[in-house]
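There are 2 protein chains.
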Amino acid sequence: MPPTADSSTQQDRNIAATFAKGMAVLEVFDGQVPALTLSEIARLTGQDRATARRGALTLVHLGYLRQDGRHFSLTPRVLTLAGGFLRAHQIGRQVQPVLNHHAAALGVEITLASRDGDHALLLAQSTAHGGPISYGFTPGSRLPLLHTSLGRMLLAGEAPDRLEGRIGEAPLTRFTEQSLTDPAQIAATVAAARQAGYVITDGEFEPGIVGIAVAVAPHAVLGSSVPRGRDGADGLDAILRGLQNCASELRLAGALSGL
Amino acid sequence: MPPTADSSTQQDRNIAATFAKGMAVLEVFDGQVPALTLSEIARLTGQDRATARRGALTLVHLGYLRQDGRHFSLTPRVLTLAGGFLRAHQIGRQVQPVLNHHAAALGVEITLASRDGDHALLLAQSTAHGGPISYGFTPGSRLPLLHTSLGRMLLAGEAPDRLEGRIGEAPLTRFTEQSLTDPAQIAATVAAARQAGYVITDGEFEPGIVGIAVAVAPHAVLGSSVPRGRDGADGLDAILRGLQNCASELRLAGALSGL
DNA sequence: ACATGTTGTGCGTTATGCGTACAATTGTCA
DNA sequence: TGACAATTGTACGCATAACGCACAACATGT
Chain A
1 MPPTADSSTQ
11 QDRNIAATFA
21 KGMAVLEVFD
31 GQVPALTLSE
41 IARLTGQDRA
51 TARRGALTLV
61 HLGYLRQDGR
71 HFSLTPRVLT
81 LAGGFLRAHQ
91 IGRQVQPVLN
101 HHAAALGVEI
111 TLASRDGDHA
121 LLLAQSTAHG
131 GPISYGFTPG
141 SRLPLLHTSL
151 GRMLLAGEAP
161 DRLEGRIGEA
171 PLTRFTEQSL
181 TDPAQIAATV
191 AAARQAGYVI
201 TDGEFEPGIV
211 GIAVAVAPHA
221 VLGSSVPRGR
231 DGADGLDAIL
241 RGLQNCASEL
251 RLAGALSGL
Chain B
1 MPPTADSSTQ
11 QDRNIAATFA
21 KGMAVLEVFD
31 GQVPALTLSE
41 IARLTGQDRA
51 TARRGALTLV
61 HLGYLRQDGR
71 HFSLTPRVLT
81 LAGGFLRAHQ
91 IGRQVQPVLN
101 HHAAALGVEI
111 TLASRDGDHA
121 LLLAQSTAHG
131 GPISYGFTPG
141 SRLPLLHTSL
151 GRMLLAGEAP
161 DRLEGRIGEA
171 PLTRFTEQSL
181 TDPAQIAATV
191 AAARQAGYVI
201 TDGEFEPGIV
211 GIAVAVAPHA
221 VLGSSVPRGR
231 DGADGLDAIL
241 RGLQNCASEL
251 RLAGALSGL
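Chains A and B, in that order, are what the protein sequence lines are.
Residues in the first sequence are numbered from 1 upward in steps of one, following full-length UniProt numbering.
Residues in the second sequence are numbered from 1 upward in steps of one, following full-length UniProt numbering.
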């Protein structure tokens, strides 16, 4: 065995560090602030100012960033990257119509989500039929994993042994007064979700909002949110059945096989 | 002026070539094929296989690509980049609800698009209220600029002098029998669109589909597609008025100022 | 069987990106 | 208005990190 250089000092020859640093620049544009200056980019990425500058200028050159004076902001071009994923998985053709159809029948918004790190990542979303309520999320939005029905249903699909570590580590941010803070309690809801095939959360992420989610594929879940009280107990049951029907239909279409 | 090195051999010291090459790797995943091998990536990007390999492995390391044996495919993580743009421009909070509302009132699908190079780039889309039809497009999808109502309305918003060059250069691919192929004719429709504030195309991109579009902001347009004959002449008028109302409401919200 | 096309991976070379340093600019308090 | 502080833009020497040739192992097809 050749003395593989220590992984701390020596870089992996198969990884392009410059590329990774550039992606880090792109990643700091998470939308929380509409535009960033070079110094802010450098600070947020932890890179040298000159390095951040090269990364940002390269992104401008490629058309992903716009430079207005000293402010850099994203261009719509980043959407084309997402478009590649959505097209590859036939989201527009095979998934979205199904979501729309069931959402119209139920009168609620239906969301398809997958997992990205310790967040639930929204892949697609139907619009609420007559729903005046909208939470402002879009494809690409990320929700917490531990305190949303979507996230817990995703966790329920994971291997049980990997769960405890995942739950225990997180700082367990408390979003509402009703947010569960005990890791054991959260693990219990996840276990129950795995058992039942669905999960319901009540106001743990946004107060007064009840979330309900079911599994579709190994790493894909379906969910809806409704204001508490808007639908009675049987209303939730109807939504649950609707989500399960929707999930079945998506499975039949077989478009979500690869994550 | 210092003798700036010739731009052909000497790289711009402010552009990170490795980063640009890596982005090129990411860009070839446009969704036309669900997965790519290293050789395909190298061929499509024109890079050396070793270079393409480093780029792809870096993307795997960062979580944007998945490697299954010899096949690389996109992960949902690319959506987070799009999410940054959508959140920065308040698409989910300020735009999507407006689109949904007007779409439900009109019974048609409404699409918000911007421009990316010589394509119209879909930013957001409402679902048709009772609409069984869906064209399989999603945010991030790209439509031709010359033969769609969205594209021509975008061109109508450009400076007139830059138009002729833009139209004349393109190979003028013919999508349907009704596609206009004469640059002068297309330029005339664009000029008419600028004059009237809206544009209607009939089956030039997809046969039997009528497209209608209006301008919202300097580089943003709104459009709908309906099957020919589904709505009579007054139906199209109603849709046009609805789109214009929708555009006004979006302008009032003022969320689309920066492209 | 050979021929053709993959794929993975060393490794020497040198181009390339790094970051310090300085200059120019903006903002802020007296 | 001053002078100070904190940004920003840019250049350039140096070391490193990316390049791409080359080879070997494997697959595919004629």
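Quick reminder that beta carbons are idealized off the backbone N, C-alpha and C, glycines included.
Remark: C-beta atoms of Gly92/A and Arg77/A do not approach each other more closely than 9 Å. The beta-carbon of Met23/B is placed less than 9 Å from the nearest beta-carbon of chain A. Per DSSP, reduced to three states, the secondary structure at Gln90/A is coil, with no helix or strand assignment. Along the region 69-85 of chain B, going in chain order, the ones with a CB nearer than 8 Å to a CB of chain A are Ser73, Leu74, Thr75, Pro76, Arg77, Val78, Leu79, Thr80, Leu81, Ala82, Gly83, Gly84, Phe85. Looking from the CA of Thr58/B, the closest CA among Met153/A, Val216/A, Leu112/A, Ala17/A belongs to Ala17/A.
Of all residues in the region 240-256 of chain A, none places a beta-carbon less than 7 Å from a beta-carbon of chain B. Taking C-beta atoms under 8 Å as the contact rule, Ser126/B and Ala213/B fail to qualify, at a distance of about 14 Å.
Of the residues Gln32/B, Arg53/B, Ser73/B, the one whose Cα lies closest to the Cα of Ser39/B is Arg53/B. Per the DSSP secondary-structure output, Gln67/A pairs in a beta bridge with Phe72/A. Take the alpha-carbon of Leu172/B and the one of Gly117/B: they are about 15 Å apart. Thr58/A belongs to the set of residues whose beta carbon lies under 9 Å from a beta carbon in chain B. A Cβ-Cβ contact shorter than 9 Å links Arg228/A with Gly203/A. Beta bridge pairing from DSSP links Gly223/B with Thr111/B, Ala213/B. Excluding its 5 nearest sequence neighbours in each direction, Leu123/A has C-beta neighbours in its own chain below 7 Å: Ile91, Leu112, Ala113, Ser114, Pro139, listed in chain order. Within the model, the alpha-carbon separation for Arg194/A versus Gln244/A is close to 14 Å. The continuous alpha helix (DSSP H) containing Arg49/B extends over residues 49-62. Close CB contacts of Glu249/B within its chain, under the 7 Å cut and outside five residues either way in sequence, are with Val98 (chain order). At least one C-beta of chain A is nearer than 9 Å to the C-beta of Phe19/B. Classified as exposed, Arg241/A has fewer than 16 neighbouring CB atoms from the shown chains inside 10 Å of its CB. Per DSSP, Gln125/A is one residue of the beta strand (DSSP E) stretching across 119-125. For the pair Ala187/B and Gly55/A, the Cα-to-Cα distance works out to about 38 Å.
Distance from the CA of Asp48/B to the CA of Ala191/B, rounded to the nearest whole angstrom, comes to 45 Å. Of the residues assessed, Ala184/A falls on the exposed side of the cut-off, its CB having fewer than 16 other CB atoms within 10 angstroms. Here Asp30/A carries a coil assignment [DSSP, helix/strand/coil]. In terms of CA proximity to His61/B, Lys21/A leads the group Cys246/A, Lys21/A, Phe72/A.
Among the residues of chain A, none has a CB under 7 Å from the CB of Asp182/B; the nearest is roughly 29 Å distant.
At a cut-off of 9 Å, the C-beta of Leu106/B has no neighbouring C-beta in chain A. Counting only residues of its own chain and dropping the five nearest sequence neighbours on each side, Gln178/B has a CB closer than 8 Å to the CB of Asp202, Gly203, Glu204, Pro207.
For Arg194/B, the enclosing alpha helix (DSSP H) stretches over residues 183-196. Against chain A, the beta carbon of Phe29/B has neighbours under 9 Å at Leu81, Gly84, Phe85, Ala88, listed in chain order. In this structure, Leu79/A keeps its C-beta atom at 9 Å or more from the C-beta atom of Ala156/B. Residue state for Asp116/B is assigned as strand, using DSSP reduced to three classes. Flagged as an interface residue toward chain B: Arg54/A, by a C-beta distance shorter than 9 Å.
For Arg142/A, the three-state secondary structure derived from DSSP is strand.
Exclusion of the five residues before and after Ala220/B leaves Ser114, Leu256 as the residues of its chain whose Cβ lies within less than 6 Å of its Cβ. At a cut-off of 9 Å between beta-carbon atoms, Tyr64/A makes contact with chain B.
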